[in-house]
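Below is one structure, written out as structure tokens, with a few remarks after it.
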Amino acid sequence: MWARRLGRATPALAACGCLGLSSYDFAARRVRCEASSPTFSVGSYNVLCTTYALKWKERQGMDANGNSNWALRWPVMRDILKQASFDVLCLQEVEKTDVDSIVADLGPEYKSHYFKHPEKGRPPDGLLIAVKSSVCAAPSWSERDFKGKVIFGGVDFQHPCGARIRVITGHMRGRNQEQLDAFGAFAAEGTAQIEVITADFNEDFQERSAGTVPCPFDGKHVTLRRAPDLPQVSRPGNKQAQTPGQGLKIDYIWVRERTQDFQTELFFDEASRRAIIDSHKDCEATGEWPSDHGCEALSIRLRRKAWWQFWK
């Protein structure tokens, strides 16, 4: 219901074939296939766990008396995520004690897996990946421990259009190339045709003077710059003030075509746009953003490559 209401395409069972047509009817078929090409949507959201909110006195996570306001702000984030109806959802800073209620609130249409950070590193929290059963019938979960301090989480699945997809998530330290290299190596595992990397990177990769976002990983990964009418930052004003000139945009989704079977096109559909906008503004429940991060979101259109493109 939510996906249809916000105009997201439902998964198609056959990939687009218009790229192999003659020029005679290419234009007409292209218009029709543009709407019917299989897609899937990805959301990534650091939800600010209670332990860290209180420890670091994050105002998005506390009430006026210095107590946790999770019971007020999680329903706001939950509603943002349910309206977005992402096919794949990656959450960071998920408190272990909140996992069951979060999974229940996401609903029975999702299959979820929790990746707990090592006790020596980040004992209270972990990562959560949830995938829609309609998009992923048999998810295969994987994880990787980095130096006993943090966990990387991943899922492999086959999209209804036939594409093998791997999605990973993490909560990165920032400006730590060794960790980025390990994260990228974890992403590259398996036999997926499409690779998706999501994380709170704690690092701004943008080169604003050049208008580009250099990729921090080996391989031809691409990301989608925010449209001018969307929020350009990841964090609320008080967090920006703590690191002026840094950390303006630290949540990213990167996509790589590993094989020549599929072309990908990244875009913001209406549901993704709404999730970004609603998560980057003060909410009525607390008067602050619901987390100290906004939601990162996009959709990916999949097209089978025409035979003549394999020789490019």
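Residue numbers are given in this note's numbering: position 19 of the sequence shown equals residue 1425, and the series is strictly consecutive.
All C-beta atoms in this analysis are idealised placements derived from N, C-alpha and C, irrespective of residue type, glycine included.
Just so we're clear, the structure is a prediction, and the values are computed from it rather than from any experiment.
Cα-Cα separation, residue i to residue j
i: residue 1706; j: residue 1676; result: 13 angstroms
i: residue 1461; j: residue 1573; result: 31 angstroms
i: residue 1702; j: residue 1564; result: 23 angstroms
i: residue 1505; j: residue 1476; result: 13 angstroms
i: residue 1691; j: residue 1478; result: 6 angstroms
i: residue 1409; j: residue 1687; result: Legend: pLDDT at residue 1409 = 46, less than 50; position of this residue unreliable, value from coordinates given subsequently. So the alpha carbons of these two residues sit roughly 22 angstroms apart.
i: residue 1584; j: residue 1629; result: 21 angstroms
i: residue 1621; j: residue 1709; result: 23 angstroms
i: residue 1495; j: residue 1472; result: 30 angstroms
i: residue 1663; j: residue 1569; result: 11 angstroms
i: residue 1448; j: residue 1483; result: 16 angstroms
i: residue 1627; j: residue 1660; result: 6 angstroms
i: residue 1689; j: residue 1625; result: 39 angstroms
Residue i - containing alpha helix (DSSP H), residue span
i: residue 1498; result: Counting along the chain, residue 1498 falls outside any alpha helix (DSSP H), though it belongs to the beta strand (DSSP E) covering 1494-1501.
i: residue 1644; result: 1643-1648
i: residue 1462; result: Premise fails: residue 1462 is in no alpha helix (DSSP H) and is neither H nor E.
i: residue 1505; result: 1505-1512
i: residue 1684; result: 1676-1685
i: residue 1589; result: 1583-1593
Three-state secondary structure (DSSP) of residue i
i: residue 1671; result: strand
i: residue 1467; result: helix
i: residue 1640; result: coil
i: residue 1666; result: coil
i: residue 1478; result: helix
i: residue 1457; result: helix
i: residue 1553; result: coil
i: residue 1445; result: strand
i: residue 1490; result: helix
i: residue 1528; result: coil
Nearest-angstrom beta carbon gap, residue j and residue i [assumed within contact, 8 angstroms]
i: residue 1697; j: residue 1453; result: 5 angstroms
i: residue 1493; j: residue 1538; result: 5 angstroms
i: residue 1608; j: residue 1656; result: 6 angstroms
i: residue 1685; j: residue 1451; result: 7 angstroms
i: residue 1674; j: residue 1633; result: 6 angstroms
i: residue 1575; j: residue 1605; result: 6 angstroms
i: residue 1670; j: residue 1600; result: 6 angstroms
i: residue 1502; j: residue 1530; result: 7 angstroms
i: residue 1500; j: residue 1527; result: 15 angstroms between Cβ atoms; not a contact.
Terminal residues of the beta strand (DSSP E) in which residue i lies
i: residue 1519; result: 1516-1522
i: residue 1630; result: It is not in any beta strand (DSSP E) - residue 1630 carries neither H nor E in the DSSP assignment.
i: residue 1704; result: 1702-1710
Just checking, does the region 1548-1557 make contact with the region 1573-1592 on the three C-beta pairs under 8 angstroms criterion? yes
Is the region 1630-1648 touching the region 1442-1451 in the sense that three or more CB pairs, one from each, lie closer than 8 angstroms? no
Sufficient close CB pairs (3 or more, under 8 angstroms) joining the region 1523-1537 to the region 1581-1588: Flag = no, the region 1523-1537 and the region 1581-1588 do not touch.
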